[in-house]
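Enquirer:
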Amino acid sequence: MTCLVYNDTSWWQLRLVSPVTPSDRTMTVSLSALIDDYLESKTSAQETAQSLTNIVDSTASASDDENARFTIFEAVIARMRTFSPDSASLDNIVSLLNCLKITPSPKRAWSELVPLGMLIRELWNTSGPGREDWTTINAFAARLTAAGVLDLDNFGIWAMRTALETDDKSNQDVGSQVSAAAAWIEYAGKRMYDLSLHDAKGSQATRGGPKWEGAAGYSVARWNYWKDKFRELKESDSGNLSGIGVRAARKMEDIESV
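Just so you know, we're using the numbering used here here: the sequence shown kicks off at 3 and counts up by one.
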């Protein structure tokens, strides 16, 4: 299977990597070219989704279904990681994936977008706040969640917990953590507020950080706590951090008022 090259050493521990074949290379190159054409507005999301599935169906055998699925989503993620968090190209990728979910295929169903969620979780584990693309990864996950393409609601809590519910004042990655949390408010804030109104997603996985003593999951109390913590960043010595906090808190207030 073709390996897209990252610095994340554990990325390929998700599956057994077989030797690269000419057909693997051909499929990866073709998929990447299609995605690039779409992002350059040369084709529509519907046309691109159909073309992507056609290439996979014509190149990969039924017995190679897992590798085929990995290949298409690896190509998507590789492009996603090159954009800034506020890039409209991330919205376009989400639209493409939404179309892919409903694209007919005689060989495989794409409605669940397996294993995209697994790949994003692996990114979560191997990238992290110290990496340049961390805010982009969160902005992308938030967009997927808001659009209903994937259920990544827990990821939103994890971002907020890391940025706003810990005691580590000396953390050198705090700027990246806060930027990632703010991206969730910017792109999935309404979804997060709706979940908070219904005390949703409570589980061990969504428990609080050291500074949050309330229940796990989303809640109005936790939403308000996050908002207060963003506001407190106004007093930060970092002007950039202060601005991010003020904008995020204001966005939360705007969401509440709708």
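All C-beta atoms in this analysis are idealised placements derived from N, C-alpha and C, irrespective of residue type, glycine included.
Taking all protein chains shown into account, do 16 or more other C-beta atoms lie within 10 angstroms of the C-beta of P106, making it buried, or fewer, making it exposed?
Expert: When all chains shown are included, P106 counts as exposed.
Enquirer: Determine the direct distance from the alpha carbon of T147 to that of E68, and round the result to whole angstroms.
Expert: In a straight line, the C-alpha of E68 is about 24 Å away from that of T147.
Enquirer: Out of E188, P108, L115, Q52, point me to the one whose CA is closest to S89's CA.
Expert: When only C-alpha atoms are compared, the closest one is E188.
Enquirer: I believe Q240 touches G158 by the beta-carbon criterion, under 8 Å. Please report the beta-carbon distance rounded to the nearest angstrom.
Expert: First, the amino acid is wrong: residue 240 is Ser here, not Gln. Not quite, the Cβ-Cβ distance comes to about 23 Å (not below 8 Å), so this is no contact.
Enquirer: Enumerate in chain order the residues of its own chain whose CB-to-CB distance from D39 is below 6 Å, with the five nearest sequence positions on each side excluded.
Expert: Once the five neighbours on either side are set aside, the close Cβ partners of D39 are T45.
Enquirer: Can you tell me which of the three DSSP states E42 falls into?
Expert: E42 falls in the coil class under three-state DSSP.
Enquirer: Looking at chain C, is there any beta carbon in it that lies within less than 8 Å of the beta carbon of D39?
Expert: Considering every chain present, this structure includes no chain C. It has just one protein chain.
Enquirer: Just confirm the distance between the C-beta atoms of L102 and A141, as a whole number of angstroms; I'd bet it's less than 8 Å.
Expert: Not quite, the Cβ-Cβ distance comes to about 20 Å (not below 8 Å), so this is no contact.
Enquirer: For S181, which of L197, A202, W136 has the nearest alpha-carbon?
Expert: Residue W136 is the option with its Cα nearest to S181.
Enquirer: Considering only C-alpha positions, which residue in the set Q48, E49, E76, Q206 is nearest to S34?
Expert: For S34, the nearest C-alpha among the options comes from E76.
Enquirer: Alpha carbon to alpha carbon, what distance is there between E134 and G119?
Expert: In a straight line, the C-alpha of G119 is about 21 Å away from that of E134.
Enquirer: Can you tell which of I104, W186, W126 has the C-alpha that lies nearest to the C-alpha of I257?
Expert: That would be W186, whose Cα lies nearest to the Cα of I257.
Enquirer: Which residue's Cα is closest to the Cα of R71: D196, R81, I57?
Expert: Of the listed residues, the one whose Cα sits closest to R71 is I57.
Enquirer: Check K203 in the structure and name its three-state DSSP category.
Expert: Coil at K203, not helix or strand.
Enquirer: DSSP on D169, reduced to helix/strand/coil?
Expert: Looking at D169 - three-state DSSP - the assignment turns out to be coil, as it is neither helix nor strand.
Enquirer: So, helix, strand or coil for S129, using DSSP?
Expert: S129 falls in the coil class under three-state DSSP.
Enquirer: Express the C-alpha separation of L98 and K229 in angstroms, rounding to a whole number.
Expert: Going from the Cα of K229 to the Cα of L98 covers about 32 Å.
Enquirer: Rounded to the nearest angstrom, how far is the Cβ of G216 from that of A207, given a contact under 8 Å?
Expert: Not confirmed; about 16 Å, so no contact.
Enquirer: Since K109 and D155 are thought to touch, with beta carbons under 8 Å apart, how far apart are those beta carbons, to the nearest angstrom?
Expert: Contact doesn't hold; Cβ gap of about 31 Å is too wide.
Enquirer: Can you give me the Cβ contacts of I74 inside the same chain, cut-off strictly under 7 Å, excluding the 5 residues immediately before and after it?
Expert: Excluding sequence neighbours, I74 sits near L33, L54, V58.
Enquirer: Hey, how far is the Cα of I246 from the Cα of W160?
Expert: Those two C-alpha atoms are separated by around 18 Å.
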